[in-house]
Amino acid sequence: MSARDTQTTGSKRSLAPLGAVVIAIAAFACVEATGWVMRQTDRTNFLARAFSHTEATLKAAVDPRFQTKADEIARVLTRLVVIDAIKGAALFDGSGHLQDSFGERTETGFESILRVPSNVFGTADPTRAEFYLAPAVTGTPFHLLVRTDVGEMAGLEGLAGRRITALAAAAAAAAGATTLLFVWFGVAVPIRRIVAVAEKAIAHPGMADVGPPIRGAAGELATLAAGVERLRSSLAEIWRTKVLVADAILESAPFAVVQLAPDGSPIFGNPAATALFGHDVAHGADPGVPVIVRDLETAERTVLREHFERHGGAPRLVEIAGSTGDHYAQAASLVVGADTRSPTTIAMFADVTATHGARLGAEGERDRLAALARLMARREAELKFSLETSLTLLSGDARGREAHLDIAPFAREWLDTATAAGLVVARSAVNEDAPPVAGPREDLRATMRLALLLAYARSARPPVQMLVEVKGINFETVGLTVRATGAEGVGEETLGVDWQLPLGALRAAVRRVGGQMSEVVVEEDEVIVRIVLRGAAERLTATRKKA
24 MSARDTQTTG SKRSLAPLGA VVIAIAAFAC VEATGWVMRQ TDRTNFLARA
74 FSHTEATLKA AVDPRFQTKA DEIARVLTRL VVIDAIKGAA LFDGSGHLQD
124 SFGERTETGF ESILRVPSNV FGTADPTRAE FYLAPAVTGT PFHLLVRTDV
174 GEMAGLEGLA GRRITALAAA AAAAAGATTL LFVWFGVAVP IRRIVAVAEK
224 AIAHPGMADV GPPIRGAAGE LATLAAGVER LRSSLAEIWR TKVLVADAIL
274 ESAPFAVVQL APDGSPIFGN PAATALFGHD VAHGADPGVP VIVRDLETAE
324 RTVLREHFER HGGAPRLVEI AGSTGDHYAQ AASLVVGADT RSPTTIAMFA
374 DVTATHGARL GAEGERDRLA ALARLMARRE AELKFSLETS LTLLSGDARG
424 REAHLDIAPF AREWLDTATA AGLVVARSAV NEDAPPVAGP REDLRATMRL
474 ALLLAYARSA RPPVQMLVEV KGINFETVGL TVRATGAEGV GEETLGVDWQ
524 LPLGALRAAV RRVGGQMSEV VVEEDEVIVR IVLRGAAERL TATRKKA
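Spelled out as structure tokens, the structure:
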């Protein structure tokens, strides 16, 4: 039994004694209050009788013939004090001034008499009381304050108080005992019986309806017992027809199922989940530890609850680090009881480790074949350009017919072929304002193509980026510059062209067009080929000299 269950049970056990104590205190207070009211009533009645007796005694003692004389009143009061009929007195004239006092000194002043509309005044001594006799009562012109003994009343009042207290204690004990017995046998015992049946049904739902029905309850407890009986039957039926079936399905399911608490910690995992994660996620070495996965699309490593909150319940490919290696699964989720106080998340995983590995292998093979295809296309283009170079060398030094040409299209032609084969990148370019060049057409074409091939062959990291510039130097010459620069972010690959072959062919082609090799500059990341060719103005000058 948990600490919470123990605390709850303890509270139930203390309910009956607590109720008995409360009822006993209430009964004691009720009887005491009633006794106090009765004592106050008896005191008021006793003082009223004592006041009437004192008034009658004083009227009988005063001679009517001299009742207006202060001496007569003083004589009477002195005699009453002497015979102990009264304990003391005070005589006030009509204006309230004290004329004389007798016996014990009175405590009530004339101001109090005028301020308080009463004829009876208490004193500091509980056995004494002071009565005010107005002139209209005594038939004299004087105000009299008489102090009398009420000790008998105080004794009787104390005796009555002790008896009422004893009666209150007896009533409290009887009420408490009666309440304790009633609550214990009429409420606590039936409730404990109902709680025991309910706890048994919760502990073993499949056997909730096994055992006799709850008996011995009456009234509202009988209604509660009937509700518990219906709950037992429903719980057992649901458990057998749904929960056990669902449990059997989960135990034999080929996909992993993990149930998450509202705080994200796992509280259930089927055998497929144990096999996928490499340990029991709910009852393993560290139970309740959140499950961490890595989303392969975003490369984020988060706990399951945050993963589903961020990406929703749609299936996503995740990586699960386990003791036996990394596993890959398609993860999806759904929330059960989203409108309740404790919603739970059901996470489902389909193990795709083998499929993912096969896909990665297929992608690697595809990339390898694609790289091989690119390499073969490059080698084919390099071989083609090398054969073209050899043909240029075999053509000899015969010169063709002179022409006036723009050689930029020859460069674009070669760059398009080289780009398609992967020798150069697509960002290569030729300037648009190229001046015309003089020379045989095929020889000029060969010169441009060989200059581009030489720059490519001398580069150290193909594919390269090519830049071709055709600019006039003066009226008679044109400069051809080819730059080959290593492209950023491209891996190193070997060349299939010997740069000496295009260099020799280029020199022969340049001689045939009447040009001149300027320089070939080879730097760490750049190759520059410069050639000087004859311009259109030079061709015009040569024609005039022949004429």
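Per my numbering, the very first residue in the sequence shown carries number 24; after that it's consecutive. Beta carbons are placed, not taken as given, at the ideal position from N, Cα and C, and that holds for glycine. Here the structure is a predicted model, which is why all the values come from computation and not from measurement.
Closest by C-alpha distance to residue i, when choosing among the options
{"i": "D172", "options": "E549, V493, T146 and A461", "result": "T146"}
{"i": "S413", "options": "P294, V206, W522 and I343", "result": "W522"}
{"i": "T325", "options": "A298, A295, T297 and S288", "result": "S288"}
{"i": "F526", "options": "V491, V555, T470 and L490", "result": "Strictly speaking, residue 526 in this sequence is Leu, with Phe absent from that position. Residue T470 is the option with its Cα nearest to L526."}
{"i": "L190", "options": "A159, V536 and E55", "result": "E55"}
{"i": "A373", "options": "G301, P459, P277 and V447", "result": "P277"}
{"i": "V152", "options": "V316, H227 and N142", "result": "The sequence given here has Ala at residue 152, not Val. Checked all of V316, H227 and N142; the closest Cα to A152 is N142."}
{"i": "G301", "options": "L267, L319, G345 and E320", "result": "G345"}
{"i": "V447", "options": "P459, D429, I430 and R397", "result": "R397"}
{"i": "R534", "options": "L518, G162, I551 and V555", "result": "V555"}
{"i": "V501", "options": "F408, R553, R481 and A452", "result": "R553"}
{"i": "E455", "options": "P485, E492, L518 and A249", "result": "E492"}
{"i": "S118", "options": "A370, E134 and V105", "result": "E134"}
{"i": "V251", "options": "W262, I214, D270 and I272", "result": "I214"}
{"i": "V139", "options": "H427, Y155, S275 and H306", "result": "Y155"}
{"i": "T376", "options": "A354, P485, G360 and R391", "result": "A354"}
{"i": "L475", "options": "I496, R484 and A441", "result": "A441"}
{"i": "V212", "options": "T129, E425, L244 and R102", "result": "L244"}
{"i": "K223", "options": "A259, W207, E320 and T363", "result": "A259"}
{"i": "R402", "options": "W207, A385 and P485", "result": "P485"}
{"i": "L319", "options": "D349, L114, A478 and M176", "result": "D349"}
{"i": "E323", "options": "T246, A83 and V341", "result": "V341"}
{"i": "N293", "options": "S256, R339 and I369", "result": "I369"}
{"i": "A461", "options": "A248, L490 and A426", "result": "A426"}
{"i": "M371", "options": "L392, R435 and L299", "result": "L299"}
{"i": "L137", "options": "F125, A108, K110 and L168", "result": "L168"}
{"i": "G184", "options": "L204, R66 and G495", "result": "R66"}
{"i": "S451", "options": "V505, R128 and E547", "result": "V505"}
Sheet register partners of residue i (DSSP bridge)
{"i": "T171", "result": "A152"}
{"i": "D123", "result": "L114"}
{"i": "G145", "result": "A152"}
{"i": "H76", "result": "H76 pairs with nothing; no bridge assigned."}
{"i": "Q63", "result": "Partner(s): none; Q63 has no beta bridge."}
{"i": "M176", "result": "According to DSSP, which records beta bridges pairwise, M176 is partnered with nothing at all."}
{"i": "E492", "result": "T504"}
{"i": "V487", "result": "V447 and G509"}
{"i": "H330", "result": "For H330, which the question treats as bridged, DSSP gives no partner whatsoever."}
Alpha-carbon to alpha-carbon, residue j and residue i
{"i": "D232", "j": "P285", "result": "31 Å"}
{"i": "V85", "j": "W59", "result": "39 Å"}
{"i": "L283", "j": "A219", "result": "30 Å"}
{"i": "I237", "j": "R216", "result": "7 Å"}
{"i": "A295", "j": "V358", "result": "20 Å"}
{"i": "L121", "j": "D148", "result": "22 Å"}
{"i": "I551", "j": "G387", "result": "37 Å"}
{"i": "L473", "j": "D466", "result": "10 Å"}
{"i": "A559", "j": "R481", "result": "31 Å"}
{"i": "L518", "j": "G445", "result": "12 Å"}
{"i": "F291", "j": "T347", "result": "21 Å"}
{"i": "A404", "j": "A394", "result": "15 Å"}
{"i": "G538", "j": "L417", "result": "19 Å"}
{"i": "G512", "j": "A279", "result": "Caution is warranted here: a pLDDT of 48 is assigned to G512, below 50, making its placement in the model unreliable, and the coordinate value is therefore given only provisionally. G512 and A279: Cα-Cα distance of roughly 42 Å."}
{"i": "F51", "j": "T264", "result": "58 Å"}
{"i": "V543", "j": "R389", "result": "40 Å"}
{"i": "I158", "j": "D94", "result": "Per the sequence shown, the amino acid found at residue 158 is Pro instead of Ile. Taking the straight line joining both Cα atoms gives about 16 Å."}
{"i": "R102", "j": "S124", "result": "13 Å"}
{"i": "A71", "j": "C53", "result": "27 Å"}
{"i": "L41", "j": "A194", "result": "17 Å"}
{"i": "H379", "j": "A385", "result": "10 Å"}
Alpha helix (DSSP H) segment containing residue i, residue limits
{"i": "K223", "result": "V212 to A226"}
{"i": "I136", "result": "F133 to R138"}
{"i": "D94", "result": "A93 to V105"}
{"i": "A157", "result": "From DSSP, A157 is part of no alpha helix (DSSP H); its letter is neither H nor E."}
{"i": "V533", "result": "Q523 to R535"}
Where the beta strand (DSSP E) through residue i begins and ends
{"i": "A507", "result": "T500 to G509"}
{"i": "R339", "result": "R339 to G345"}
{"i": "R557", "result": "E549 to R557"}
{"i": "V359", "result": "G348 to V359"}
{"i": "V575", "result": "Residue 575 lies beyond the range of the chain shown here (24 to 570); nothing can be said about it."}
{"i": "S541", "result": "Q539 to V545"}
Segments of 3+ residues assigned as beta strand (DSSP E) that fall wholly inside the segment 366–393: 367–374
Within the segment 406–478, ranges of the alpha helix (DSSP H) (whole runs, at least 4 residues): 431–444
My parser needs the beta strand (DSSP E) runs of 3 or more residues fully inside the segment 282–327; what are they? 289–292, 315–318 and 324–326
Complete alpha helix (DSSP H) runs within the segment 240–281 (minimum length 4 residues, chain order): 243–261 and 267–275
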